[in-house]
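Asks: Just so we're aligned, residue -11 is where the sequence shown starts under my numbering, counting upward by one.
Glycine included, each C-beta is placed from N, C-alpha and C at the ideal position.
Can you read through this structure? Questions will come right after.
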Amino acid sequence: MQEIFRIENLSKEYIYNKKRKRKTVALNNISLKIYSGSTTAIVGESGSGKSTLCQILAGLEDGYGGSVFYNGENIIKKRKTIDYKKKVQIIFQNPFDSFDPMWDVKDSLLEIVRYHKLAAKGQEMEYINSFVRACELDEELLSKRPNQLSGGQLQRLSIARVLCLKPKVIIADEILTALDVSVQGKIIQLLKELHSSNDFTLIFISHDLNTVRKIADRIVVMKDGEIVEDNDTKSIFSNPKMEYTKMLIEATPKFDVKNC
-11 MQEIFRIENL SKEYIYNKKR KRKTVALNNI SLKIYSGSTT AIVGESGSGK STLCQILAGL
49 EDGYGGSVFY NGENIIKKRK TIDYKKKVQI IFQNPFDSFD PMWDVKDSLL EIVRYHKLAA
109 KGQEMEYINS FVRACELDEE LLSKRPNQLS GGQLQRLSIA RVLCLKPKVI IADEILTALD
169 VSVQGKIIQL LKELHSSNDF TLIFISHDLN TVRKIADRIV VMKDGEIVED NDTKSIFSNP
229 KMEYTKMLIE ATPKFDVKNC
């Protein structure tokens, strides 16, 4: 498979007391390849470094050591460009923070479509509606404000908004955390269907191994800023090598996505 991201010796520190030179190591010299068209889950507890990693890949975090290559090119200069941010999109944990509370949600989607000139004038709403329908939502929801929608509805709209840009990479950063278990299962199924019908690489960030079991081809387990295990999903569950991975598997409730 062709690699879309190659990460080499990536490190990131946060200084929280400059006077005493105290720091927290978020990423400790990690190396990783992510392949085009795959679904890679990056899993770990809070503080493992998984969200810092995805912020760097999305071009939202500076001041790191090491190198990140996108399609063979170092992103150090590209990560701030409009073209890069269009190709590499991120969906955040709380969908209510992703929409202007004073706007109808359609205005948030229209802003992106018009800024990037994704549709001809007068055809913007039909362009948006096609992605809203793909996310199994009623177009009438677009006339509502964020606080009039459920978390699940708004997270689907977050997905639709990202799809409008036709990105090459979608990073889903803990997007199920704020949702009910039944809604989580439906979002996973939706992402699987969208991934099979659209040309993008999915990077799925989660603290829950059992949640990603139904969606990921491969699972990368992180702890304290380091990668402790990296294998295909079947092998992670049938023969985990590390005690930490075994603990994560046993610590989370199991549910069947098909029944959600």
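Using beta-carbon positions only, say whether SER24 and ILE(-8) come within less than 9 angstroms of one another.
Replies: yes
Asks: Of all the options LYS21, GLY139 and VAL13, which has the alpha carbon lying nearest to the alpha carbon of MET(-11)?
Replies: LYS21
Asks: List the whole-angstrom C-beta distance separating LYS156 from PHE188, where the pair is believed to meet the contact cut-off of C-beta under 8 angstroms.
Replies: 6 angstroms
Asks: Can you tell me where the alpha helix (DSSP H) holding ILE224 begins and where it ends?
Replies: 221 to 226
Asks: How should GLN111 be labelled, buried or exposed, when 16 other C-beta atoms within 10 angstroms of its C-beta is the threshold for buried?
Replies: exposed
Asks: Is the Cβ-Cβ distance between ALA268 and ALA204 less than 9 angstroms?
Replies: Missing from the structure shown is residue 268; the chain here goes from -11 to 248 and no further.
Asks: Among LYS75, ASP126, SER34 and THR27, which has the Cα closest to the Cα of SER184?
Replies: THR27
Asks: How close, in whole Å, do the beta carbons of ILE116 and VAL101 come, if the pair is a contact with beta carbons under 8 angstroms?
Replies: 6 angstroms
Asks: As a quick exercise: from GLU181, ASN186, THR12 and GLN81, pick the residue whose alpha carbon is nearest that of CYS42.
Replies: Of the candidates GLU181, ASN186, THR12 and GLN81, GLN81 places its Cα closest to the Cα of CYS42.
Asks: For the 8 angstroms Cβ check, are there 3 or more pairs between the stretch 192 to 207 and the stretch 217 to 230?
Replies: They touch, by the three-pair rule.
Asks: In chain order, what are the residue ranges of uninterrupted beta strand (DSSP E) at least 3 long that sit wholly in the stretch 30 to 100?
Replies: 53 to 58 and 76 to 79
Asks: Apart from the five residues on each side of it in sequence, which residues of its chain come closer than 6 angstroms, Cβ to Cβ, to ASN247?
Replies: At ASN247, the pLDDT of 42 sits below 50, so the modelled position is not reliable and the matter cannot be decided from this model.
Asks: So, are the CB atoms of THR165 and HIS195 less than 9 angstroms apart?
Replies: yes
Asks: Drop a sphere of 10 angstroms on the beta-carbon of GLN141, count the other beta-carbons inside from all chains shown, and report buried for 16 or more, exposed for fewer.
Replies: buried
Asks: Name the one or two DSSP bridge partners that ASN5 has.
Replies: ASN5 is bridged to ARG10.
Asks: For a test of the three-state rule: what should DSSP assign to GLU112, helix, strand or coil?
Replies: helix
Asks: Between the C-alpha atoms of ASP168 and LEU145, what's the straight-line distance to the nearest angstrom?
Replies: 17 angstroms
Asks: Out of CYS123, GLU127, VAL150 and LYS68, which has the shortest C-alpha to C-alpha gap to LEU106?
Replies: Closest option to LEU106, Cα to Cα, is VAL150.
Asks: Buried or exposed: which applies to MET90, given that a residue is buried once 16 or more other Cβ atoms fall within 10 Å of its Cβ?
Replies: Only exposed fits MET90, as fewer than 16 other CB atoms lie within 10 angstroms of its CB.
Asks: Cα separation between LYS174 and GLU231?
Replies: LYS174 and GLU231 have their alpha carbons spaced roughly 31 angstroms apart.
Asks: Count the other CB atoms within 10 Å of the CB of TYR103; is the residue buried (16 or more) or exposed (fewer)?
Replies: Classification for TYR103: exposed.
Asks: Just reading off the beta strand (DSSP E) that MET235 is part of, what are its end residues?
Replies: Segment 231 to 239 is the alpha helix (DSSP H) holding MET235; no beta strand (DSSP E) there.
Asks: Can you list, in chain order, the residues of its chain whose CB lies under 8 angstroms from that of LYS68, leaving out five sequence neighbours each side?
Replies: GLY47
Asks: With the cut-off set at 9 angstroms, would you say ILE147 and LEU182 are in Cβ contact?
Replies: Yes; because the gap between Cβ atoms is below 9 angstroms, this pair is in contact.
Asks: Between the beta-carbon of VAL76 and the beta-carbon of TYR52, is there less than 9 angstroms?
Replies: no
Asks: Please report how far the alpha carbon of VAL56 lies from the alpha carbon of LYS66, in whole angstroms.
Replies: When rounded, the distance between both Cα atoms is 11 angstroms.
Asks: When you compare only the Cα positions, how much space is there between LEU153 and GLN143?
Replies: 16 angstroms
Asks: Below 6 angstroms CB to CB, which residues in the same chain sit around LEU125 once its five sequence neighbours on both sides are set aside?
Replies: ARG144
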